[in-house]
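First residue of the sequence shown? That's 379 in the numbering used here, and the numbers climb one at a time after it.
All C-beta atoms, glycine included, are put in the ideal place defined by N, C-alpha and C.
These numbers were taken from a predicted model, which means no experiment stands behind them.
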Amino acid sequence: MSTRQKAPAVDRVQWWLAVAAVVVLPWLISPGLTEPDTKIDLTVSPWRYLGRALDAWNNHAGLGELQNQAYGYLFPMGPVFGICHSLGIAPWAAQRVWWTLLLVVAFTGSHRLIRRLGVADGAPALIAAAAYALSPRVLTVLPVISIEAWPLALAPWLVVAVIPLVDRRAPRPVVWRSLALAGVLAATLGGVNATASGIVLALPLLFLITHRVGRRRVLPWLVAVVAGAAWWLLPLLVLGKYAYPFLNYIETASITTAVTSVPNDLRGASDWIAYILDSANHPTWQGGWVIAQSVTAIIATSAVAALGAWGLLRWRGHLARWCIASVVGATVFMAIGHAGIVSGPFAGPARALLNGALAPLRNVHKADPMIRLPLIIGLAGLLQYFARSAKVRHRFLPAVLALLVAVAMTPIWQGRVGAQGAYNGIPKQWSQVATAVDAAAHADGGATMLLPNSRTATYTWGSPTDEPLSALATSPIVTREAAPLGIPASTRILDVADELAASGAPQPSLAAGLVRMGITRIVLRRDLASVVQAEPWQLVQRTLAASPGFRAVQTFGSGTSALTVYDVTAPGAPTATTDDVTAYSGSSPLTVAGGPEAIFDLYAAGLISAQQWLQLDNSTTGSADIVTDTMRWRAYNNGVPTALGYSPTLPADDTEPDHIGSRDLPPATDVAEQPTRRLIGLSALTASSSGADPFAKAYVSPAASVYAAVDADPATSWLTGDHERVATLTADLDPVVTVRSVRLVLAGPAQGASLPSTVEVTVGGVRRQIAVDGRRDVTVQLPSTRAGTVRVQLTAAAGSTDPVLGVTELQIPGATLGSVISLPHPIDPARQAVLITRDPLERSVDARAGEDGPDLVRQVTFDSAGVLPVKVWVRPVPGAALQTLLAQSGGIVSLGCGQAGRVRVGGATVDLRLTAARSDVVAGGLLAATPCSAGLSVAAGSTTVTAAAAPAVQPDLVLLGHPTVATGSTRAVRVLTDDPGHRVVDVAAGPAGVIALDEGFNAGWQATDASGHRLQPVEVDGWRQGFRLSGTNAQRVTVDFTPTTPQRLGLLIGAVLAVLLLAVLCACAVVCRRRGLTARVEQVRLDDRHTVLAPRRIIAAVVSVVVATLVCGLAGIVVGLLVAAVPRRWLRHTALAGLVLAGVALAFLGVVDQRSAGAVAGQLLGTVTLCALARGGVEASDAPGAGSAAPPAPPTPRRSAH
């Protein structure tokens, strides 16, 4: 047998061995363990989940939400898991089946593309295909969110499909086959992540527009692709129109672009989640962390990418234009918003766009396939060149490069591809709980809520990504997810409910508030992992045991793995509530200024009953019955638990809550309608950092804010939050005073801080510094200086590590300093009431500091003078005073007038007394204090309201005034049909009113009566969907979530189009096979004899400088000019050296810290490679008179051997 005859046989053996290795690999990753990949529903109940995906509205989420691209699982991922489930394949094995499919598609597609383009064959093509299928992005996301790798797997096939479209002489059936195949592949992309699916379509689009023939066929290609993708594009339009705004709360552009430096983009380590550590300093994504941080992986992945760039710079013509345009374009797209010492001039505007109009593209790392595929093609060409070279020095290079590719797959050979949260299976008690709550829901209706809340489903037994109970149960389950997919107002209520439940103290209104939301069961879980920083389950258990309305029904499991089911009931709840629908009588609701979370305080104060409906009215010109101090102007970090997520109330001119990523959940959107902080004696008070900043490195609590330094409370202190060694506190005085001295009470170890070595005070042009010498109380004497700004600088002691500095009190003789929370709504004493509430953080037996001290202090503006009745509810304060009180009391505890505190409004004061059962005092419950006089006289204008604490008790709620609100009632309802997004309800006769669902308000809801008359929608309780009933007679109401119809229609139209495309593909394939029709492939051309004319060299230099400037700013101009000056024959070597050296710099000098030498050097060196590619891409275009080189291998056969 000749060598030529043996070659195909050897190729086939190598091919099958390589495919076998790819097939086996997923089964070696944590065998027997289920990984936290994408959706737990796919491993537990895939068909049920896919059935729910047909509906636009998801009522299984308890409070209701729009399906977030759940329809995307309908194909191909969902059916794969569904079939495995039906065949009885174990969940972990079903995952491996899917991973195997994904890797095989990526491997075979890249191999087919490389051969089809004539770049390489044999072992070089196989090595390159393996490098693509197991590229850094794949190893990063495979065990945790593999669906994001699926578009990458299909990307080479998308390009294979359009290759015939650049052949001018391609027969029409071949063209039609190509277009149909492109459409079918677009359908196969799926719509789980529309951004990732859409971005990879840029690869075939670029392939076409970089070819003069292909440009003429872009339009029909777009038609075919849109037709194929219609089944997931059309529902996406529905989602975009009706979805709640959740993107701004799960990530921001400053986070997603933090690691997208040029070298990270080129080497494939651009996914920001791979760099994150949890609260226990463990990698969130283990495989991604290795790729991102391992010295070996950094150098190896940089080298592989550099070799790919070197390979691309060997070519000219269409293939070079396409590959280089894709790499350069995608890298600039990903790196232009990257912020660092070396960054582009448009980094800020780019991030603003990604936070705004381009929010769907915010996760720029999804463009990685546009970089990875061309670089792998370049690597394949380089491997082929060395394999076919007759030079002795090249003989062993293919083996060396193959070894380098293997080394770049560091997570595999380190055994760290799998996630740390992989688990053997869901503990059986979770299935038992699911059965129990489903039975209860079938009998009594209502939803089940998990407590304590957690942003992620991370348990001591594993991390299933989503809550297991949601997948196991068929009844509605309420969870507090990291991404608030439901109406944000309901998330606000859930957050406060979690804080109240974790107080460890009786909460008289908790059950009533939950039942009003339709939550009639609680599952207390004890097996949350500590890294989620959830509230202690012991405190939740204590609260539920001590609070009315909760009854433990059954416990499943034992010890810290036990799950307890509680029934939740509320005294006086309407019997007219059934199947999550309530009909309220009365056309006028109770109106409240504040947040929807005020419902708990309204119940506690007796201001609302279960028979009344409520509306929020936060307009400053409104006339709400009750004005609360909830929904304050605060910065918010949704990425951490609620107890750690809020700043203190901020001044109205502080714009931090306006920024994407720190905005509070709606309806907190307008500072003019929210309580703000008013400074006293100051125009501004700022600091270098604050332990009250929820984004600080060392967050403490809202009590650690700068305002603690001027609150005259020795129990609170301003503490730094970023471990800076030199901390500053700056006070802008208003009015200006003459400063002669500044007294500082420094925070020390008892306050969680270390004393500084020196204190420096600057007033005007005068600066004085003194040594602290271990003192907390220091006074800095100054010459009399009349100035408006006092600046205090604290310097940490030498040798201290991660210092926390702070000030307990800042005093300036002659200046009265402080702050107060101010309500924005003017109050009419004759008909409105003010409800002042304590920070929920402070209503706990577990000592936690909120922004309120012992006293509740608010600034309120009254429209007119009047006399206000006063009601105050106090709570016992653990300590010596309480113990003394209890020791002196029998069964009844009594405090005389003034001993239970007092309320001051301006100059008027009313003392409080208290009589309560000893058991209630011991339990720490809410106690009603009695005013010692009838009321308080208030004057018109702005005044300060102070509810002063007593030694043994402190105020939690203060009610001034009495709203004139009629008592409510309900009308009987009977639900005839209860389907997701569709209800038919019979409402009994009764007074005019509203019908309300226990699901989120959304523009997609519509209701009609029996005559077809559309009912007016109304938002109930600040979050619930309601409709005004059209009359007082008995009536039948049909409620529909109308976007379900266009979503299903879109799915149907898309399915029909996909089937038609498949039929066209099959028909054209048969015609082409019978007639032997094929398309020619333009062969790879080398640039060894490529003459670059002067005008093109100038254009190439300009492009090089522009690209470098976009990603590196002024420094990029220098880099671009240097690269432009490199002789052509050294360009590819420059590209290689630049990225390899960038990898070395990142590995040894720092990869994450943007201020590190590694980050700076890496960015500049990586930009050298990028500029070399940009220049090479321009110079690679055909020039008049340019010669061509013979291809490095025989033309690719018309029909593949496999």
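Item	Value
Rounded to whole angstroms, what's the CA-CA distance from Val1415 to Gly803? Just pull it up for me.	44 Å
Which residue from His1203, Ala396 and Ser1132 puts its Cα closest to that of Thr1321?	His1203
Quick one: using the 10 Å Cβ neighbour count with 16 as the cut-off for buried, is Asn1411 buried or exposed?	exposed
Do you know offhand how far Val1223's Cα is from Val570's?	44 Å
Report the option in Pro914, Pro514 and Val1255 whose CA atom is closest to the CA atom of Ile1581.	Not covered by the structure: residue 1581. The range shown for the chain is 379 to 1580.
Going by the beta-carbon positions, is the gap between Arg494 and Val422 smaller than 7 Å?	no
Classify Gly1368 as helix, strand or coil using the three-state DSSP reduction.	coil
Is the distance from the Cβ of Ala1535 to the Cβ of Leu1548 below 7 Å?	no
Looking only at C-alpha atoms, which of Val1522, Ala511, Thr838 and Leu1455 sits nearest to Val552?	Leu1455
If you draw a straight line from the alpha carbon of Trp435 to that of Ala1537, how long is it in whole angstroms?	45 Å
For Gly824, does the count of other Cβ atoms within 10 angstroms reach 16, so buried, or fall short, so exposed?	buried
Spatial neighbours of Val943 within its chain, please: CB distance less than 7 Å, with the 5 preceding and 5 following residues excluded, ordered by chain position.	Val811, Ala814, Val815, Arg899, Val901, Val931 and Gln932
When you compare only the Cα positions, how much space is there between Gly906 and Thr1345?	One detail in the question is off: residue 906 reads as Leu in this sequence, not Gly. Between Leu906 and Thr1345, the C-alpha separation is close to 43 Å.
Does the contact criterion of 3 or more C-beta pairs under 8 Å hold for the stretch 851 to 865 versus the stretch 907 to 916?	no
Pop quiz: Arg1361 and Val1398 are said to be a contact at Cβ under 8 Å. What is the actual Cβ separation, rounded to whole angstroms?	Wrong, their Cβ atoms sit about 15 Å apart, outside the cutoff.
Using 10 angstroms around the beta-carbon of Asp419, count the other beta-carbons present and answer buried if the total reaches 16, otherwise exposed.	buried
What residue ranges within the stretch 1213 to 1291 form continuous alpha helix (DSSP H) runs of no fewer than 4 residues, ordered along the chain?	1258 to 1265
Could you name the residues of the same chain whose beta carbon sits closer than 6 Å to that of Leu888, not counting the 5 residues immediately before and after it, in chain order?	Leu878 and Ser925
On a Cα-Cα basis, can you pick out the residue from Ser464, His438, Tyr620 and Asp499 that is closest to Val388?	Asp499
Spatial neighbours of Leu395 within its chain, please: CB distance less than 7 Å, with the 5 preceding and 5 following residues excluded, ordered by chain position.	none
Would you kindly check if the distance between the Cβ of Pro582 and the Cβ of Ala758 is under 7 Å?	no
Can you pull the DSSP bridge partners for Leu1124?	Val1185
What are the partner residues of Val1323, as DSSP defines its beta bridges?	Arg1236 and Val1283
Tell me, please, whether the stretch 1401 to 1411 touches the stretch 505 to 521 by the rule of three or more beta-carbon pairs shorter than 8 Å.	no
In whole angstroms, give me the CA-to-CA distance for Ala1307 and Leu1273.	9 Å
What are the partner residues of Gly1404, as DSSP defines its beta bridges?	Ala1374 and Val1396
Could you give the residue range of the alpha helix (DSSP H) that holds Pro842?	Note, Pro842: premise wrong, no alpha helix (DSSP H); beta strand (DSSP E) at Gly840 to Thr843.
What separation, rounded to the nearest whole angstrom, lies between the Cα atoms of Val1462 and Gly496?	6 Å
How would you call Ser963, buried or exposed, if buried means at least 16 neighbouring beta carbons within 10 angstroms?	buried
Count the other C-beta atoms from every protein chain shown that fall within 10 angstroms of the C-beta of Lys806, then say buried if there are 16 or more, exposed otherwise.	exposed
Looking at C-alpha atoms only, which residue of Trp991, Tyr1014 and Ala940 is the closest neighbour of Asp1003?	Trp991
Out of Val516, Ala1125 and Arg1121, point me to the one whose CA is closest to Arg1146's CA.	Arg1121
Can you give, in chain order, each stretch of the beta strand (DSSP E) that sits fully within the stretch 1036 to 1084 and has at least 3 residues?	1054 to 1058 and 1060 to 1065
Since Gln932 sits in a beta bridge, which residues does DSSP pair it with?	Val943
Please name the residue, chosen from Leu1246, Ala1175, Asp1007 and Phe1073, that lies closest to Gln1237 on a Cα-to-Cα basis.	Asp1007
Check whether the Cβ atoms of Gly592 and Leu586 lie closer than 7 Å to each other.	yes
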